[in-house]
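>
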Amino acid sequence: MNQQSSIWLPEAASTIAGDVDALFYFILITSIILFVGVISTMVYFAWRYRRRSDADRPEPVYENKLVEASWVVFPTILVAVVFIWGFKVFLEQGIPPPNSYEINVTARKWSWTFTYPNGVVSADLHVPTNQPVKLRMTSEDVIHSFFVPAFRVKADVLNGRYSYVWFESPKQDTFIVACTEYCGTSHSDMYSRVIVQSQDEFDQWLSDNMDDGTLTPAERGQRLYTQQGCFACHSLDGSVAAGPTFLGLAGSVRNFTDGTSAEADDNYLRTSIVNPMLQIVEGYPPVMPGQYAATLSVDDIDALVAFIKEY
Amino acid sequence: MSDTSHNYLNAKKGLWSWLTTTDHKRIGILYAIACGAFFLLGGILATFVRTELGAPGETILGQDEYNQVFTLHGVVMVFLVIIPAIPGILGNFVLPLQVGANDVAFPRLNLASWYLFMAGALMAVCGWLFVGKVDTGWTFYTPYSSGASNAVLWLTSAVFVAGFASIFTGLNFIVTVHKMRAPGMTWNRLPLFTWAIYATAIVQVLATPVIGITMVLLFLEKLLHIGIFDPALGGDPVLFQHFFWFYSHPAVYIMILPAMGIISDLMGTFSRQHVSGYTFIALSSVAIAFLGFLVWGHHMFVSGQSALSSIIFSMLTFLIGIPTGIKVFNWVATMYKGSVWLKTPMLYALMFLFLFTIGGLTGIMVGVLAVDVHLHDTYFVVAHFHYVMMGGALIGLIGGLHYWWPKMTGRMYNEKAGVIAAILVFIGFNLTFFTQFFLGSKGMPRRYHDYSEFLETFPEFAALNMTSTIGSYILGVGLVMILIYALYSLVRGPRATANPWGACTLEWTHTETVPDEHNFHDTPLVTRGPYDYHLADDVFGPKKES
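Just so you know, the sequences run in chain order U and D. All residue numbers for the first sequence refer to the numbering used here, where the first residue is 781 and numbers rise by one. All residue numbers for the second sequence refer to the numbering used here, where the first residue is 46 and numbers rise by one.
#1: Are the beta-carbon atoms belonging to L361(D) and L339(D) less than 8 Å from one another?
#2: What does F483(D) touch in chain U if you count any residue whose Cβ is under 8 Å from its own?
#3: Tell me the rounded alpha-carbon separation between S785(U) and K267(D).
#4: Do D180(D) and A169(D) have their C-beta atoms closer together than 8 Å?
#5: Would M20(D) count as contacting chain U if we go by Cβ distances under 8 Å?
#6: Taking the beta carbon of F931(U) as the centre, do at least 16 other beta carbons fall within 10 Å, making it buried, or is it exposed?
#7: Mind checking which residues open and close the beta strand (DSSP E) that includes S943(U)?
#8: For K934(U), write down the residues that DSSP places opposite it in a beta bridge.
#9: Per DSSP, what kind of secondary structure is P390(D) in: helix, strand or coil?
#10: Listing by chain order, which chain D residues have their CB less than 7 Å from the CB of W851(U)?
#11: Hey, would you say the C-beta of K267(D) is under 7 Å away from at least one heavy atom of the ligand SAM?
#12: Look at I307(D) and G133(D) and say whether their C-beta atoms are less than 8 Å apart.
#13: With DSSP run on the structure shown, which of helix, strand or coil describes I975(U)?
#14: Are L551(D) and L142(D) closer than 8 Å when you measure CB to CB?
#15: For chain D, is any of its Cβ atoms less than 8 Å away from the one on K845(U)?
#16: Would you mind stating whether E920(U) and T965(U) have Cβ atoms separated by less than 8 Å?
#17: State yes or no: is the C-beta of A548(D) within less than 8 Å of the C-beta of T231(D)?
#18: Where do the N-terminal and C-terminal ends of the beta strand (DSSP E) with N1035(U) fall, by residue?
#19: Is the shortest distance between the beta-carbon of H270(D) and the beta-carbons of chain U less than 8 Å?
#20: Measure from the C-beta of A415(D) to each C-beta in chain U and report whether the shortest distance is under 8 Å.
#21: In its own chain, which residues sit with a C-beta less than 7 Å from the C-beta of P236(D), not counting the 5 before and 5 after it?
#22: Per DSSP, what kind of secondary structure is R1050(U) in: helix, strand or coil?
#23: Residues of chain U with CB under 8 Å from Y493(D), in chain order?
#24: Would you please state the rounded distance, in angstroms, between the beta carbons of A305(D) and K388(D)? I believe it to be under 8 Å.
#25: Please give me, in chain order, every unbroken run of the alpha helix (DSSP H) with length at least 4 that falls completely inside the segment 100-129 of chain D.
#26: Within a Cβ cutoff of 6 Å, which residues of the same chain sit near H1014(U), ignoring the five residues on either side of it in sequence?
#27: Secondary structure at S786(U), three-state DSSP: helix, strand or coil?
#28: Name, going along the chain, the residues of the segment 382-405 of chain D whose beta-carbon falls closer than 7 Å to a beta-carbon of chain U.
#29: Which residues of chain U have a Cβ atom closer than 7 Å to the Cβ of V377(D), listed in chain order?
#30: What in chain U is Cβ-close to Y578(D), meaning under 9 Å?
#31: For P490(D) and C959(U), I'd like the C-alpha separation in whole angstroms.
#32: Find the residues of chain U that neighbour H69(D), judging by a C-beta separation of less than 9 Å, and give them in chain order.
#33: For N195(D), count neighbouring Cβ atoms within 10 angstroms of its own Cβ and tell me buried if that reaches 16, exposed if not.
#34: Taking Cβ-Cβ distances shorter than 9 Å, what residues in chain D pair up with I1060(U)?
#35: Helix or strand or just coil, what does DSSP make of I956(U)?
#36: Taking only the alpha-carbon atoms, compute the straight-line gap between L763(U) and V974(U) and give it to the nearest angstrom.
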C-alpha cells in the first residue's frame, strides 16, 4: 500500500488509501475517455459541417431513438458502478475495526491537541504503525475539519458532539494534518503532524510523557500550554503570532491599547489568563477566549504562571 | 445613438425615464449595468486572492484581509452576479420577445424587483464600508458566523432583500410563459432559452424563501440569543448547513439552467440545425429543477450527517448527473449535418461544452462518497465549481450577450476582437483553474491564505499556484478586452441588421433591428418550431431547388 505520490494524489500511507485511489483513478480514466470522446466529436463536427455558404440550409436531422437510449443507458451503468464502489469504500472509511486504539482530539482556533488513554497530551499525533487508530474528536469553538491527505481521511470536528475518523498506517513517517473547515484568522496555520512510529518507539514516547504526579508546577504548566492550545497564539521563541510571545514576558513592561502600562508581575499574568479582555496589549487583536476562569483550576493557573515565568 | 427609427432606447429620454421604466427591455439593460459593475468588483477581488496565493507566505494581504476579500468575492459573485445576471439581463430582455408578448406579466413588479436587488446590493456595500468587514465566507457557516461581528447581519439582510428580487422575477416569468404566449406559440414551440428560464423561475420561487428564512433565523439568534444553530445556546450547527444548502444547491441550478438555455439557442442558430433532443432538453430542465431540491446533502458528506443520508444524497446526485450528461451529448449532436458558423457566440458555446464537461465529470468525482471524503473542502472543489459556475454559467452569459448584443444595442462588435478575447478567456481560464485540480487532489485546503507548510511535502505547490495566478491575469485581460470592445461598439460599432445570425425565433424574425417599446407591431402568429430552419423561408428567402 506504500504508493508513492503521483501528479494527482499524494503518497498513500494508510490501509484504505489504496482503495480510495483505485476508485479515483477509475473515475479519472473513465472521465478522460468520455471527455476526449465528446470534445473530439465536437471539434470534428464543427470542422466537418462548417458553413460553406451563407445560404446553407441543411435538412433537419431528428434524434434517433436508439442513439438517445444508449445515451441514457450507458451513463446510468457507469454512475451505478461508481456509486456502489464509492459506497463500499465509504463504509470501510466509516467503520473502525473493533481493536482500534482510541485517542481523543480537541480542536480550537487554531490548534489541535491529542489526549492519550494514559493522560499524555500532545500537540502532535503520535501513533503506532500497523495499528488501527480511532480518533474521537470535538471542538471547543467553531467547526474545524481533521484532514490527513496521505491517509485520505477527513471529518468535521464540531462543538458539542463527537465525530470520528480512523486509519491504520503501515508506514513510519511524518505526515501533515490540516484544518479543512474555514475557522477564521489563522485557519491556514492550523496544522499538526501525524508521527507514525514503531510500537516500541511509541510506547517509549508514551511513558516518557506521562504525568506520574511528580511534575513540578512549571512542567505541569508546559503540559497545559499544549493541552489548552496556548501555543497556537503564544510562541516561546519570540516569533510573532496572534498573541504576545511568552519569551521575556514576565517582568517586562506592557503597554495597553487604552494608553496605560503595567509591569507583567504574577498578578498581571493571572489576570491575563482569567480575564483577557481587561487589558489589551498594543499591537494585538482582542481575540483571546474568555472561558479559562471557568475551565482551569486554581492549581492549573498557578502552573501556567510558573511556566510562563520560565521564559 | 443617432437612430432615426423609433425604438425602446430612444422612445423616452433622460435618466428618470430609465429609473421609472416598466419596459422589460430597459429593465434588462438596468440589470446589465448593475451586474456588470458587480462582476468587475468581484473580478478585481479575485485577482487580489490569486495575487496573494501566487507566492508562498504573505504577499499583499494579511490573514484577516485575505479572509475578508475571498468572502466578498464569493458573496458578490454568487448573490449579485451569477444568480441575478442571466434571468435579470437576458431573461428580462429576451423572454417576452421569444414568447411573442409585449412585456412581462407584471411590469411594475419587474421594476420593483430591480430596485430590491439594488437595495440588497447597497446594503451589502454599505455594511461593508460603514459597519464592518465580514470574513465568514459566502456560506456563513455557524457557529463561526454567530460569533462574528454584527456586520454579518448587514450582509445576511442584504441576501434576504436581494432574494425577494429573485422571487419576483421568477414569479413574473412563470406567469408570462403560461399566460402571454403569442397565438401558435405552443409549449413545444417554445425556444429552449425560454424553457430554461421557466424552469429556473420555478426554483427561484420555491427555493429562495428558504435562504430568506435561514437568514432571519441567523438574525434572531444573533440579536435575541435564541438557540437555533449555535451549540453554545443549545442549537445545532449542522442544521444551518442543511438550511443553507437546501437553498444553495437549488441555487446552483438557478445559475446553470439559464446558461444551458443560452447554449441550446446558440447551438441551434449557429448550426442552423434542429436542436437535437428538443423535448428531452426542455423537460429535463424542469426535471433537474425539481431533483435539484433533493441533493443538498452532498455538500455535507464529512459534516457528521448520518451515513445513510450521505448514501441517499450521493445516489440522487448521480440521478441528476445523467440528464445533464445527455444534454451535453445533444448539444454536440446538434452540429451533426448542420451548417456550423464559428462566430464569437458559437465560440463561447463550444467553450461552454469544453469547460462544462470538465465541471460535470469532476462533479461525478466529488459526488462519489469515498473520494469526496478526500477531496471535500480542498482546491479540487474550488476548481470544480469554478468550471461549472464560471466555465458554465458565466461563459454561457458572455456567449448570450454577444448573441443578443445586436438586438439590445443595434450595433455589431468587432468580430476579430471578439475571437481574440475568447481565446484569451479560454487559455486564462484553464490555466487558472485546471492547476487547482492538482492542488486539491494533493490536499491543499480551500480558503487558505498560505500554503508554505505544505511545500516541504509538496514543493510543486509553489509552481502550480504561480501558474494559476498567471492564468487569472490572462483571464482578466480577456474579460477587460470584452468590456472595452463592447463599450466601443456602443459608440462606433457598425449598425446591425434585424437578424444578423439568421435565427428563427421571434425576437429576431418579428422585431425591428432594435425593438420598439411595444416589441411587435402586430401580434406574431407562430407557425413553426424555434429551430425549424428548413421551414423559415421568411428568414432565408424561398428555398432554391437544386
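Just so it is clear, CB atoms sit at the ideal spot from N, CA and C, and this is done for glycine as well.
Looking at the coordinates:
#1: Stepping through the second sequence from its first residue, residue 361(D) is reached at position 316. Stepping through the second sequence from its first residue, residue 339(D) is reached at position 294. Their beta carbons are under 8 Å apart, which means L361(D) touches L339(D) by this criterion.
#2: Walking along the second sequence from the start, residue 483(D) turns up at place 438. What F483(D) touches in chain U: I787 and W788.
#3: Sequence index remark: in the first sequence, residue 785(U) carries index 5 (1-based). Sequence index remark: in the second sequence, residue 267(D) carries index 222 (1-based). Computed Cα separation, rounded: 46 Å.
#4: Counting from one through the second sequence, the residue named residue 180(D) turns up at place 135. Counting from one through the second sequence, the residue named residue 169(D) turns up at place 124. No. Outside cutoff.
#5: Absent from the model: residue 20(D). The displayed extent of chain D is 46 to 591, so no value can be given.
#6: Walking along the first sequence from the start, residue 931(U) turns up at place 151. Answer is buried; the Cβ neighbour count reaches 16.
#7: Your numbering for residue 943(U) matches position 163 in the first sequence. Here the beta strand (DSSP E) through S943(U) covers S943 to F947.
#8: Looking up residue 934(U) in the first sequence gives position 154. According to DSSP, which records beta bridges pairwise, K934(U) is partnered with F927(U).
#9: Along the second sequence, read from residue 1 onward, the residue named residue 390(D) stands at position 345. In the displayed model, P390(D) falls within a helix according to three-state DSSP.
#10: The residue labelled residue 851(U) in the question sits at position 71 within the first sequence. Simply I371 and F374.
#11: This structure simply doesn't include the ligand SAM, nor any ligand for that matter.
#12: Here residue 307(D) corresponds to residue number 262 of the second sequence, with the count starting at 1. Here residue 133(D) corresponds to residue number 88 of the second sequence, with the count starting at 1. In this structure, I307(D) lies away from G133(D), with their beta-carbon atoms at least 8 Å apart.
#13: In the first sequence, residue 975(U) corresponds to position 195, counting from 1. Of the three classes helix, strand and coil, the one that applies to I975(U) here is strand, per DSSP.
#14: Translated into positions along the second sequence, residue 551(D) becomes position 506. Translated into positions along the second sequence, residue 142(D) becomes position 97. Yes; because the gap between Cβ atoms is below 8 Å, this pair is in contact.
#15: Translated into the one-based positions of the first sequence, residue 845(U) becomes position 65. No, K845(U) lies away from the interface with chain D (no Cβ there is under 8 Å from its Cβ).
#16: Reading the first sequence from its first residue, position 140 is the one you call residue 920(U). Reading the first sequence from its first residue, position 185 is the one you call residue 965(U). Against a cut-off of 8 Å, the Cβ pair of T965(U) and E920(U) comes out as no contact.
#17: To locate residue 548(D), count along the second sequence from 1; it is residue 503. To locate residue 231(D), count along the second sequence from 1; it is residue 186. Contact: no.
#18: Taking the first sequence and counting its residues from 1, one reaches residue 1035(U) at position 255. Residues V1033 to N1035.
#19: For the purposes of this step, residue 270(D) is taken as residue 225 along the second sequence, with counting starting at 1. No, no contact with chain U.
#20: Numbered from its first residue, the second sequence carries residue 415(D) at position 370. Closer than 8 Å: yes.
#21: The residue given as residue 236(D) occupies position 191 in the second sequence. Result list for P236(D): Q143, D310, T550 and P575, in chain order.
#22: Counted from its first residue, the first sequence places residue 1050(U) at position 270. Correct three-state label for R1050(U): helix.
#23: As a first step, residue 493(D) must be located in the second sequence, where it is residue number 448. Residues of chain U whose Cβ lies closer than 8 Å to the Cβ of Y493(D) are, in chain order, H967 and S968.
#24: As a working mapping, residue 305(D) is identified with position 260 in the second sequence. As a working mapping, residue 388(D) is identified with position 343 in the second sequence. The question names Ala, but residue 305(D) is Met in the sequence shown. So it is not a contact: roughly 20 Å between Cβ atoms.
#25: 108-120
#26: For the purposes of this step, residue 1014(U) is taken as residue 234 along the first sequence, with counting starting at 1. G1023 and F1026, listed in sequence order.
#27: Start at 1 with the first residue of the first sequence, and residue 786(U) comes out as number 6. Looking at S786(U) - three-state DSSP - the assignment turns out to be coil, as it is neither helix nor strand.
#28: Answer set for the segment 382-405 of chain D: K382, G383, S384, V385, W386, L387, L395, L398, F399, T402 and I403.
#29: Counting from 1 along the second sequence, the entry for residue 377(D) is found at position 332. V818, T821, M822 and F825, listed in chain order.
#30: Counting from one through the second sequence, the residue named residue 578(D) turns up at place 533. Within chain U, the residues near Y578(D) are R837, P838 and P840.
#31: Position 445 of the second sequence, counted from the start, is the residue given in the question as residue 490(D). Position 179 of the first sequence, counted from the start, is the residue given in the question as residue 959(U). Going by the C-alpha atoms only, they are around 8 Å apart.
#32: Sequence index remark: in the second sequence, residue 69(D) carries index 24 (1-based). Those do not exist, as H69(D) stays about 31 Å from chain U at its closest Cβ, beyond 9 Å.
#33: Translated into the one-based positions of the second sequence, residue 195(D) becomes position 150. Exposed, because fewer than 16 other Cβ atoms sit within 10 Å of the Cβ of N195(D).
#34: Walking along the first sequence from the start, residue 1060(U) turns up at place 280. Here the premise fails: no neighbours, minimum Cβ distance about 16 Å.
#35: In the first sequence, the residue the question calls residue 956(U) occupies position 176. The answer is strand: DSSP assigns I956(U) an E or B state.
#36: This structure cannot speak to residue 763(U), because chain U is shown only from 781 to 1091.
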